[in-house]
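Okay, structure first, notes after.
Protein chains in written order, with this note's numbering: chain A, 27 to 484; chain B, 9 to 249.
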């Protein structure tokens, strides 16, 4: 009976997917949702023979997944991944349907699954991943999830559904690291062992100033960014665990990548990371930890870090304008600050396009733009040739950029993406595009219509 | 001229961009050639409120509330009450606003004593009141229309000792039932409005500055600013609601 239900659900899902594609929609979500209605256990049935690696956390899920993919590909493993950011149970189920035959037998051995933090509790119990990576926890879309501590309990509940999974945790995030205490899972820690001295002015906004266990204020021996670093509670002793896979030195940070030294379970290697910025160093070391936990050798995994490209709005490059363009998705203050810090390292003049939407996938509350340090832009001087604000909430962005200290005559508002892209094609300076999630989907389409690129479900 | 702005509890009450209110106040002063000094008074800070010309308190997460209450009851509560009675202007948002009331009672009946500076109390409800909203300030609070984003599960009821800050035009406000939003007592303005509140509501921001300057210097002639960007954002949200 269950078998019959499963087959019907698979057929229904496949039919809906076909229909979506005929109608030129992505069809990443709806087929799975419909199929799960018919057979709520469908994900468990389809994933039981597949070895899965799951990635959750606030920032860096997609980039981590792309690095992991590169390593799987290099190793020659047959795998699939939910590539297009369809990271709720419906989207994940769609991927499993499309990678199984009509009787539910898998066509691939491995799955790389990026999973929304709130959806994890529904997904992990069915998926039974072999390895789970939790990248970090920052404030994100609070109007949807409530507070960051609620997100933490969501993930904790999710892990109870997958007690066998090897858990790769970011040791530098006091919130993420607190997961280890009351879970049965074996934990592998990763992190960055060095950062700026904590004596530098603390960021105005930190998501975790006080001990998650006893509420005493943390002491930091160093900070890498946001609340990440070497924290220690002077009262109860809760502290950053020693990382099994650790970046011991950041040798160089360039506009196109970084060179770091990684201590991998006691052996030291110089590693090239093919994407710039501190947050991608974390994504790289997290992915390395996860991939080796799946059984891939460190050399193959490290080679992947130097080669992967992730696209889909994550430092994605386009041949737009005379000097080219890079698109950097922003979703929350922590990620946005990292992008702004990256822009500070750019020495050539550039134009910046920021697009802010307030649809449900972006978070309907746009107040977070005031938590992000846009003041960085005000300090860039004439290197920042112009700022173009766009998206549903362009007017709010305009006010934010004005109060950040960017001279008024350098700010323009352009809502129409076609006009915007046509204008950017003439740009003499490098272009950086900073959209929120749904704005990224639309802006990317407009850019691709002009200069080429891949469709979002490819 | 110069104003001392005190940001109380920026370490724990800093949700939803509320710090943008401080940015707005300081920019709008400096654009007019008035100096602004911002002092952060985190938990455990010895900074006294007596030198402040303006105090800002934002909203926070439940998790940090315990830390906060301990600090308040170490004497900060008496100091805040005295500052309010002394006529120091306050802007308090969401959690910071509730905190000035007499208590917060959770949905399952646990009562948490607050500082009782304002005649109001808050009771938790099951449903969160979330979304863009707008309200019209009372004539005593300038009468302007304010747009913001509210996100709270607490329902606040005002006692007879305070006035509402305004009347809800769209959204929930204090409790989603009596049509009131926020509270106004002496020079204290309490509101549920994140967004943050001040950048898109320049008339209200200037009312706060004028109140502080008048108290300190006895006159509050504010030069007009070019508010086209601010008003465009304000009017756009106003039209949507």
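No residue lacks a Cβ here, since even glycine has one placed at the ideal position from N, Cα and C.
- For residue 44/B, no chain A residue has a C-beta closer than 7 Å to its own C-beta; the minimum C-beta separation is roughly 13 Å.
- Counting only residues of its own chain and dropping the five nearest sequence neighbours on each side, residue 20/B has a CB closer than 7 Å to the CB of 51, 68, 72, 75 and 76.
- Among the residues facing chain B, residue 147/A is not included, as its CB has no counterpart in that chain under 9 Å away.
- Within the segment 10-29 of chain B, the residues whose Cβ lies closer than 8 Å to any Cβ of chain A are, in chain order, 18, 19, 20, 22, 23, 24, 25, 26, 27 and 28.
- For residue 208/A, the three-state secondary structure derived from DSSP is helix.
- At least 9 Å separates the CB of residue 146/B from every CB of chain A.
- Put simply, of 160/A, 116/A and 400/A the residue whose alpha carbon is nearest the alpha carbon of residue 82/A is 160/A.
- As computed with DSSP, residue 460/A is found in a beta bridge with 380/A.
- Linking residue 118/A to residue 53/A through their CA atoms gives a straight-line distance of about 12 Å.
- Rounded to whole angstroms, residue 246/A and residue 176/A show a C-alpha spacing of 24 Å.
- Note on residue 310/A: 16 or more other CB atoms within 10 angstroms of its CB, so buried under the neighbour-count rule.
- Contact between the segment 130-147 of chain A and the segment 462-470 of chain A is not established, with fewer than three Cβ pairs separated by less than 8 Å.
- Judged by their CB atoms, residue 459/A and residue 402/A are not nearer to each other than the 9 Å cut-off.
- For residue 158/B, the enclosing beta strand (DSSP E) begins and ends at 153-166.
- At least 9 Å separates the CB of residue 135/B from every CB of chain A.
- Note on residue 32/B: 16 or more other CB atoms within 10 angstroms of its CB, so buried under the neighbour-count rule.
- Annotation for residue 343/A: the continuous beta strand (DSSP E) segment containing it runs 340-344.
- Against chain A, a Cβ distance below 9 Å from residue 40/B picks out nothing, because the smallest value is about 14 Å.
- For residue 36/A, the enclosing alpha helix (DSSP H) begins and ends at 28-48.
- Within a 10 Å sphere around the beta-carbon of residue 296/A sit fewer than 16 other beta-carbons, which makes this residue exposed.
- In this structure, DSSP gives residue 104/A a state outside helix and strand, which the three-state scheme calls coil.
- Each of 231/B, 237/B and 240/B was checked against the Cα of residue 41/B, and the nearest Cα belongs to 231/B.
- The C-alpha of residue 84/B is placed about 44 Å away from the C-alpha of residue 416/A.
- Under DSSP, residue 33/B shares a beta bridge with no residue.
- Within chain A, not a single residue places a beta-carbon under 9 Å from that of residue 124/B; the smallest gap is close to 24 Å.
- By the rule that beta-carbons nearer than 9 Å mark a contact, residue 357/A does not touch chain B.
- Below the 9 Å Cβ cutoff, chain A contributes no neighbours of residue 219/B, its closest Cβ being approximately 21 Å away.
- Chain-order list of chain A residues neighbouring residue 208/B: 422 and 425, by C-beta distance under 8 Å.
- Each residue's CA atom was taken as its position, placing residue 171/B and residue 149/B some 10 Å apart.
- Using a Cβ distance threshold of 9 Å, residue 80/A and residue 61/A do not count as a contacting pair.
- Just so you know, the alpha carbons of residue 191/B and residue 147/A end up roughly 40 Å apart.
- Going by C-alpha positions, residue 193/B is about 41 Å away from residue 254/A.
- With respect to chain A, the C-beta atom of residue 234/B has a partner C-beta closer than 9 Å.
- Interface flag for residue 246/A against chain B is unset, since no Cβ pair is found closer than 9 Å.
- At a Cβ-Cβ threshold of 9 Å, residue 406/A and residue 369/A count as neighbours.
- Under the criterion of beta carbons closer than 8 Å, residue 463/A and residue 391/A do not qualify as touching, at roughly 14 Å.
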